[in-house]
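S.K.: Input: one structure, supplied below.
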Amino acid sequence: MDKFTSTIKSQTFPLSCIDAYSSCVTIPLYYFFENKNSDGQFMPSALLKDSFYATLQEFPFFAGHLRMDTGGVDSFISVDADNLNMPDYAEYGSDVSFSDLKAASFSPSALPSQISEADVFSTANKDGVAKLVRIKIARLRDNSGLVILANPVHALTDAYGFCEFMKRWSYVCKATATETSIVDSCLLTDRKALHDSLLDEEEPIDDTTAMVLGKKSMLSMLLAWLSPEQRAEFYNTITPCALTDNHVFYLSNEKLRALKEAATVASGARLSSNDVITAVLSMVAVQSNQAHDGNADDETIIINFPVDFRKRLNNKPNMVNYTGNCVVAPMLPFQYRELRAELNDESIATCAVKVRHLVNRVTPQYVRGCVDLIGSEPDCIARSAAHSSSIASGFCLSNHSRIDYYGVDFGHGSPVWINPPKVYVPNYATILPTSTYDGGCYVYLSLLKGDMARALENKFWCGVADLVN
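Residues in the sequence shown are numbered from 389 upward in steps of one, following the working numbering.
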């Protein structure tokens with residue numbers, strides 16, 4: 389750490405409007421590592437810490453402060469060499485063993501108390517400072533394993549980008565331990581890379597996304613005017629995270645393939661597994677949500693699903709190395725009757741086709757249109773949050789099944805398991821990969837407690853998905 393703090397220079401890192409769009413939310417994830425061979429030198433504390441700060445030299449903005457320009461947008465990260473906002477890095481001992489966690493199917497409720505909670509929003513600490521990165525480590529009883537809670541602020545990166553940081557940290561750690569040369573990183577951290585990758589021409593984005601992002605309101609202007617810390621505190625106050633119930637489910641490759649094939653036959657369209665699981669989860673979530681019970685069948689509800697566009701920029705293949713936020717979040721309208729329909733091949737196909745049509749629209753020109761709209765006025769970054777301020781407003785699903793989480797290897801093997809926190813925002817799901825990337829997936833589902841009880845009684849869902857924890 390001393391080398392990092394003594395060599396870092398004061399500098400400013402501009403943020404893109406996409407970074408500012410979700411600046412106050414965090415993206416926490418637990419990595420579970422097992423000491424399979426009872427190795428006395430298993431992931432040594434000093435080596436982990438030293439390699440973390442060595443990697444931080446490539447990501448100096450992790451030690452900065454979110455700042456706003458005069459327009460009221462979180463437009464840059466300021467790194468002040470005399471007033472660094474160092475990541476919150478801590479390691480704890482624990483009486484919990486790896487076998488205890490394994491017996492509990494790695495449920496977050498079984499985690500050591502020191503790392504059992506993850507901040508959902510980047511609220512300020514007692515000193516009035518909002519940390520941009522928090523790393524908490526629990527060394528399990530008898531050195532049987534180790535759990536890392538990695539929790540960055542979304543303004544820095546997205547899930548893909550931070551996984552690349554974790555892989556780089558583990559690579560530096562492993563290279564240091566084996567005294568091998570560290571190859572220069574090919575990761576792109578400069579936000580200029582995003583702007584350089586965008587086409588000059590744009591195309592109109594879909595009507596619903598344009599409507600939400602184009603709707604100025606008193607709330608959106610207030611949120612944009614607040615400081616990042618104040619905005620995070622506001623979100624933290626109004627979001628009923630403590631009232632959520634979260635579970636992880638497993639969908640085997642066999643069952644997921646059967647769902648996809650049945651929906652493809654029913655629709656006659658070419659569908660992906662993502663289209664089908666998005667449709668199924670949206671239907672399960674809406675049918676479980678008690679707050680929607682009074683809505684008429686012809687009323688509209690919006691489903692939101694972020695789309696990573698790194699590989700959609702055909703002219704810029706190097707963008708796969710970009711670690712900043714590189715997603716747009718199309719908003720898909722459904723009538724309640726579509727999502728309330730009995731779950732079967734035909735109803736799933738109907739919803740999945742709508743998902744496919746909107747995903748297909750995310751072209752380089754569409755991305756340019758989204759970026760231009762989000763960056764057009766200061767409060768645009770807060771308009772989506774203002775629109776969804778009601779917990780009953782919709783459902784959000786993020787697909788991480790192709791992110792290389794299990795490529796994080798500090799020298800003693802890949803994580804045995806990854807898991808989001810036990811408390812997060814409601815009406816949200818993440819699709820996670822299996823450790824073997826076998827075509828199946830895990831689904832982390834976060835609903836209000838009463839709604840989760842209804843989801844666990846959904847016969848169709850329980851027939852295709854196995855409850856893990």
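The C-beta atom is built at its ideal place from N, Cα and C for all residues, glycine as well.
By the 10 Å Cβ neighbour count, where 16 or more other Cβ atoms means buried, how is Thr400 classified, buried or exposed?
M.R.: Around the C-beta of Thr400, fewer than 16 other C-beta atoms lie within 10 Å, and the residue is accordingly described as exposed.
S.K.: In this structure, does DSSP put Glu422 in helix, strand or coil?
M.R.: Taken through DSSP and simplified to helix, strand or coil, Glu422 comes out as strand.
S.K.: For Leu586, which residues of its own chain have a beta-carbon under 7 Å away from its beta-carbon, when the five flanking residues on both sides are left out?
M.R.: Val755, Arg756 and Val759
S.K.: Less than 9 Å separating the beta-carbons of Ile769 and Pro721?
M.R.: no
S.K.: Ends of the beta strand (DSSP E) at Ala841?
M.R.: From DSSP, Ala841 is part of no beta strand (DSSP E) but of the alpha helix (DSSP H) over Lys837 to Ala843.
S.K.: Anyone know if the C-beta pair for Tyr419 and Ala538 falls short of 9 Å?
M.R.: yes
S.K.: Going by beta carbon distance, what residues of the same chain come within less than 8 Å of Lys837, once the five residues before and after it are set aside?
M.R.: Leu631, Thr632 and Asp633
S.K.: Would Tyr812 and Val541 be called neighbours here (beta carbons separated by less than 9 Å)?
M.R.: Val541 sits away from Tyr812, with the two beta carbons spaced by 9 Å or more.
S.K.: Is it a yes or a no for the region 525 to 534 touching the region 477 to 490, going by three-plus beta-carbon pairs under 8 Å?
M.R.: yes
S.K.: Leaving aside the five residues before and after Gly801 along the sequence, list all residues of the same chain whose C-beta is less than 8 Å from its C-beta, in chain order.
M.R.: Phe421, Glu422 and Lys424
S.K.: Whole angstroms are fine: how far does the CA of His583 sit from the CA of Pro402?
M.R.: Roughly 11 Å between the two C-alpha positions.
S.K.: Closest to Thr596 by C-alpha separation, out of Asn641, Thr688, Met606 and Phe637, would be which residue?
M.R.: Thr688
S.K.: Can you tell which of Arg556, Met474 and Ser504 has its C-alpha closest to the C-alpha of Asp797?
M.R.: Nearest option by C-alpha distance: Arg556.
S.K.: Please say whether Ala853 and Lys643 have beta carbons closer to each other than 9 Å?
M.R.: yes
S.K.: Taking the runs of the beta strand (DSSP E) that are 3 residues or longer, which of them lie wholly in the region 748 to 836?
M.R.: 782 to 787, 805 to 807, 816 to 821 and 829 to 836
S.K.: Could you give the first and the last residue of the continuous beta strand (DSSP E) run that contains Thr627?
M.R.: Premise fails: Thr627 is in no beta strand (DSSP E) and is neither H nor E.
S.K.: Under the assumption that Ala469 contacts Lys397 (Cβ atoms under 8 Å), give the Cβ distance between them as a whole number of angstroms.
M.R.: 6 Å
S.K.: DSSP on Ala853, reduced to helix/strand/coil?
M.R.: Of the three classes helix, strand and coil, the one that applies to Ala853 here is coil, per DSSP.
S.K.: Give a yes or no on contact between the region 730 to 742 and the region 604 to 611, applying the rule of three or more CB pairs nearer than 8 Å.
M.R.: no
S.K.: Need the endpoints of the beta strand (DSSP E) that Gly549 sits in, please.
M.R.: Premise fails: Gly549 lies in the alpha helix (DSSP H), Ala547 to Ala565, not in any beta strand (DSSP E).
S.K.: Measuring CA to CA, which of Phe637, Phe553, Gly428 and Leu417 is closest to Val535?
M.R.: Leu417
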